[in-house]
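Participant: Converting from the sequence shown to this note's numbering requires adding 368 to each position, the first position being numbered 1.
C-beta: ideal position from N, C-alpha, C; glycine also.
Dropping a structure here in C-alpha cells format, bear with me for questions.
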Amino acid sequence: MDLVVKERIRKENLTTREELMKIIQIKTNDFNRAENEIIMDHLEKIKNYKQELITINSDLEKLQKNFNMEIRKCSGSFKLDLSLEKGRIKEINANQELKIKDIDTKLSEEINNINTKIEGNKTQLVQWMYTMVFAALGIVLAFFRLLN
C-alpha cells in the first residue's frame with residue numbers, strides 16, 4: 369500500500385507529508401522572521417515616535433515659557449506705559465490747574481478793578497448829585513428870595 373501511495377503521489381505530482389512538513393516549517397520560519405522584522409520595525413518606529421513626542425513636549429514647554437515671558441514683558445511694558453500715561457495726565461492736569469488759578473487770579477483782579485472803578489464812579493456821582501441838588505436848592509432859594 370505504501371508503494372501505491374508513493375506511485376500515485378509521483379504521478380499526480382503531489383507532495384509527501386514530509387515535504388509538506390518541510391514547506392510548512394519553512395513557511396512558518398519565513399512567517400516568524402517576517403513577523404519579527406515587522407515587530408522590530410514597529411518597535412523602532414514606536415521608539416522614534418516616543419523620541420519625537422519627547423522632543424515635541426520639550427519644544428512645547430519652551431514655547432510656553434517663551435509665551436509666558438512675552439506676556440510678562442508685554443504686561444510690564446503695558447504697566448510702564450500706563451504709569452507714564454498717568455504721569456503725563458497728572459502733569460497736564462497740574463498745568464491746567466495752574467492756568468485755571470492764573471485765570472482766576474486775573475479775573476479776581478479785574479473784578480476788584482471794576483469794583484474800585486464802580487465805587488469811584490459812585491462817589492463821583494454822589495458828589496455830582498449833591499452838587500446838583502445844592503445848586504438847584506440854591507437857585508430855588510434865590511428864586512424865592514427874589515420873589516419875596
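Looking at the unbroken alpha helix (DSSP H) that takes in N416, where does it start and where does it end?
Facilitator: In the sequence shown, counting from the first residue as 1, residue 416 sits at position 48. N416 -> alpha helix (DSSP H) spans R385 to L515.
Participant: Have a look at K433 and K395 and give me their C-alpha separation to the nearest angstrom.
Facilitator: Residue 433 sits at position 65 when you count from the first residue of the sequence shown. Residue 395 sits at position 27 when you count from the first residue of the sequence shown. Roughly 56 Å between the two C-alpha positions.
Participant: Quick one: Cα of I439 to Cα of Q419, how far?
Facilitator: Your numbering for residue 439 matches position 71 in the sequence shown. Your numbering for residue 419 matches position 51 in the sequence shown. If I take the Cα positions, the gap works out to 30 Å.
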